[in-house]
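>
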Amino acid sequence: MFKRNTSKTVNAETPQAPNLSVPIARSSIIPKFLSAVSNRPHQPVLIDLGPVIGSNISLFNERLSCKFYIQDLFADIETYARNQEITLTTSLAERLISRFPQQPNSCDGILCWDLFDYLDPSTSRLIATKLSELLRSNGMLYGLFSTVPTNVAHYTRFVLDTEDSLRHQIYPATPTKRKVLATRDIHLLCNKLEVTDLVLRKSATRETLFKRR
Numbered sequence: 000m001f002k003r004n005t006s007k008t009v010n011a012e013t014p015q016a017p018n019l020s021v022p023i024a025r026s027s028i029i030p031k032f033l034s035a036v037s038n039r040p041h042q043p044v045l046i047d048l049g050p051v052i053g054s055n056i057s058l059f060n061e062r063l064s065c066k067f068y069i070q071d072l073f074a075d076i077e078t079y080a081r082n083q084e085i086t087l088t089t090s091l092a093e094r095l096i097s098r099f100p101q102q103p104n105s106c107d108g109i110l111c112w113d114l115f116d117y118l119d120p121s122t123s124r125l126i127a128t129k130l131s132e133l134l135r136s137n138g139m140l141y142g143l144f145s146t147v148p149t150n151v152a153h154y155t156r157f158v159l160d161t162e163d164s165l166r167h168q169i170y171p172a173t174p175t176k177r178k179v180l181a182t183r184d185i186h187l188l189c190n191k192l193e194v195t196d197l198v199l200r201k202s203a204t205r206e207t208l209f210k211r212r
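When we follow numbering that gives the first Met the number 0, the leftmost residue of the sequence shown carries the number 0, and every step to the right adds one.
(1) On the DSSP bridge assignment, give the partners of glutamate 162 in chain order.
(2) Less than 9 Å between the C-beta atoms of threonine 204 and leucine 114, yes or no?
(3) Sort Leu118, Ile29, His41, Asp75 by Cα distance to arginine 177 and report the nearest one.
(4) Using 9 Å as the threshold, is the C-beta distance between aspartate 160 and serine 54 below it?
(5) Whose C-alpha, out of Leu91, Thr182, Ser123, Pro40, is nearest the C-alpha of glycine 138?
(6) Using a threshold of 9 Å, state whether the C-beta atoms of lysine 191 and serine 131 are closer than that.
(7) What alpha helix (DSSP H) runs, 4 residues minimum, are completely inside the region 152-196?
(8) Below 8 Å CB to CB, which residues in the same chain sit around serine 123 once its five sequence neighbours on both sides are set aside?
(9) In the DSSP assignment, find the unbroken beta strand (DSSP E) run with serine 136 in it and report its ends.
(10) Who are isoleucine 52's beta bridge partners in DSSP?
(11) Whole angstroms is fine: what's the gap from isoleucine 29's alpha carbon to leucine 72's?
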């Protein structure tokens with residue numbers, strides 16, 4: 000079952016993804032995420048914080064028979080970046096947190112992708128705390144963390160061709176400085192989240208799996 004947060008307003012100028020991709024990268028963490036979520040005693044509930052990707056929805060539904068919610072926070076980050084020169088009544092953290100209609104302790108898995116690379120450390124901690132509140136006990140959270148602080152002008156769609164492969168498709172973003180969290184900071188992102196697996200990939204990212212304590 001696929002559900003999208005229809006209450007969200009997306010800027011009409013939000014860039015669309017072109018057919019531009021890089022070679023497929025193998026994932027050792029996604030299969031562990033799927034395995035953990037599939038062992039729940041009820042129908043799993045997942046939240047994906049990236050854009051809609053049809054093949055991903057199909058894969059998760061076939062593997063987990065889950066309820067699947069899309070909360071595209073990258074679109075909200077882009078809207079916020081485009082309007083930074085305008086006086087805003089809410090912070091980015093408040094804007095992102097307001098996008099979740101789900102109740103606390105209501106979901107079993109969250110796919111963050113590389114969301115935290117676009118957030119400053121204080122916002123990252125606030126969002127991580129909010130996500131931990133949404134997770135049930137032993138719920139899982141998946142994230143990718145860059146090791147290179149560089150200027151970026153794109154977002155990435157992570158397409159799952161299989162359970163253990165990620166195809167990267169980039170699309171334009173308002174240029175920003177990529178934020179980098181040290182490994183220690185990842186472990187301390189939220190005291191309710193425990194890092195169970197962390198793998199350094201050749202693409203200079205740390206593929207990370209968290210579990211709700």
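Ideal Cβ placement from N, Cα and C applies to all residues, glycine included. Being a predicted model, the structure only gives us computed values, none of them experimental.
The answer reads as follows:
(1) In the DSSP secondary-structure assignment, glutamate 162 is not bridged to any residue.
(2) Their beta carbons are not under 9 Å apart, which means threonine 204 does not touch leucine 114 by this criterion.
(3) Comparing alpha-carbon positions, the option among Leu118, Ile29, His41, Asp75 lying closest to arginine 177 turns out to be Leu118.
(4) Yes, these two residues count as a Cβ contact at 9 Å.
(5) When only C-alpha atoms are compared, the closest one is Pro40.
(6) Against a cut-off of 9 Å, the Cβ pair of serine 131 and lysine 191 comes out as a contact.
(7) Fully enclosed alpha helix (DSSP H) runs of 4 or longer: 182-186.
(8) Counting only residues of its own chain and dropping the five nearest sequence neighbours on each side, serine 123 has a CB closer than 8 Å to the CB of Phe115, Lys178, Leu180, Leu188.
(9) 134-145 is the span of the beta strand (DSSP E), which, as asked, contains serine 136.
(10) DSSP lists no partner for isoleucine 52.
(11) Each residue's alpha carbon lies about 20 Å from the other.
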